[in-house]
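*Asks:*
Residue numbers (the working numbering): 1 to 142.
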């Protein structure tokens, strides 16, 4: 019976230890994804984005992996700032949901833009690394 209690305690507390161990690598993956958009690094985007990736932007447009890679490679739009902050991370085994705010500034078709967006990113752990599979953004009022 003494061993059963230890097994139960290990089972109950294992998710907390796993989430704490995963938080750093997932935050780093989110930061690298932002940097890829900011610096026009399509190669980095490919490393952190699953081929099934879907983005629903603040206008309700839905795009996938190929469209996002092409946009970043073409640097259109061009970002001066692309930063995530005020993040909350939730772990569900090999799946994680990140909620936060993205601040952007840049230009599109020669016209400047800036804004803040509430976002939800869904990540999966595959092959020991985190890959983003879905993202949704809603513009915040100024």
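Where a beta carbon is used, it is the ideal one built from N, C-alpha and C, also for glycine.
Return the chain-ordered list of same chain residues with a C-beta closer than 7 Å to the C-beta of residue 131, the five sequence neighbours on each side being excluded.
*Replies:* Same-chain partners within the cutoff: 48, 49, 50, 123 and 124.
*Asks:* Could you name the residues that DSSP lists as bridge partners for residue 116?
*Replies:* Residue 116 is bridged to 103.
*Asks:* By the three-class DSSP mapping on this structure, what secondary structure does residue 39 have?
*Replies:* In the structure shown, residue 39 sits in a helix (DSSP, three-state: H, G or I).
*Asks:* Please classify residue 79 as buried or exposed, where buried requires at least 16 neighbouring CB atoms within 10 angstroms.
*Replies:* Per the 10 Å Cβ criterion, buried.
*Asks:* Identify which residue in 105, 136 and 91 has its Cα closest to the Cα of residue 22.
*Replies:* Of the listed residues, the one whose Cα sits closest to residue 22 is 91.
*Asks:* Mind reading off the beta-carbon distance from residue 54 to residue 137? Whole number of angstroms is fine, and I expect it under 8 Å.
*Replies:* Contact doesn't hold; Cβ gap of about 12 Å is too wide.
*Asks:* Of the choices 67, 52, 76 and 63, whose alpha-carbon is the least far from that of residue 39?
*Replies:* Considering only alpha carbons, the answer is 76.
*Asks:* Among 19, 72 and 58, whose alpha-carbon lies nearest the alpha-carbon of residue 140?
*Replies:* For the residues 19, 72 and 58, the minimum Cα distance to residue 140 belongs to 58.
*Asks:* Could you check if residue 62 belongs to the surroundings of the ligand SAM, using beta carbon to heavy atom distance under 6 Å?
*Replies:* Although the ligand SAM was asked about, the structure shown includes no ligands whatsoever.
*Asks:* Identify which residue in 99, 52 and 43 has its Cα closest to the Cα of residue 65.
*Replies:* Per the Cα distances, 52.
*Asks:* Output yes or no for whether 7 Å exceeds the beta carbon distance between residue 105 and residue 81.
*Replies:* Contact: yes.
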